[in-house]
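Numbering (our numbering), first residue to last: 37 to 128.
Even glycine gets a Cβ: it sits at the ideal position worked out from N, Cα and C.
Structure (structure tokens):
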């Protein structure tokens, strides 16, 4: 991280609602694993805040989790957990 990055103002104002898009193989364990991760970082997370879409070939599943982030650190920790998970291919 450069000095300029450290001084850059955060464009998000916390707390805020934030959509996290996750792509992974269409595997029965994928959705439950993502819900477990979401709840570990956002205890008030509700399954009502999920959108899902299968890929055209049905091999992948896209999930959007709408979370209520209290801080940049909380959101960053969630992203690190997602990108390190073996079932996750892409996180946006």
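Cβ-based burial, residue i [other Cβ within 10 Å; buried from 16]
i	result
residue 65	exposed
residue 120	exposed
residue 118	buried
Whole-angstrom distance between residue j and residue i, CA atom to CA atom
i	j	result
residue 93	residue 86	21 angstroms
residue 90	residue 96	6 angstroms
residue 88	residue 49	27 angstroms
residue 47	residue 62	33 angstroms
Distance CB(residue i)-CB(residue j) smaller than 8 angstroms
i	j	result
residue 123	residue 69	yes
residue 113	residue 77	yes
residue 73	residue 83	no
Boundaries of the alpha helix (DSSP H) in which residue i is found, first to last residue
i	result
residue 68	66 to 77
residue 118	108 to 119
Endpoints, the beta strand (DSSP E) within which residue i is located
i	result
residue 54	52 to 61
residue 97	96 to 105
residue 87	86 to 90
Distance cut-off 7 angstroms: residue i Cβ against heavy atoms of the ligand MG
i	result
residue 86	Of the ligands one can find in the structure shown there are none, so the ligand MG has no counterpart to examine.
Can we say the segment 98 to 110 touches the segment 51 to 66, given the rule of at least three CB pairs closer than 8 angstroms? Between the segment 98 to 110 and the segment 51 to 66, the count of Cβ pairs shorter than 8 angstroms is three or higher; the stretches touch.
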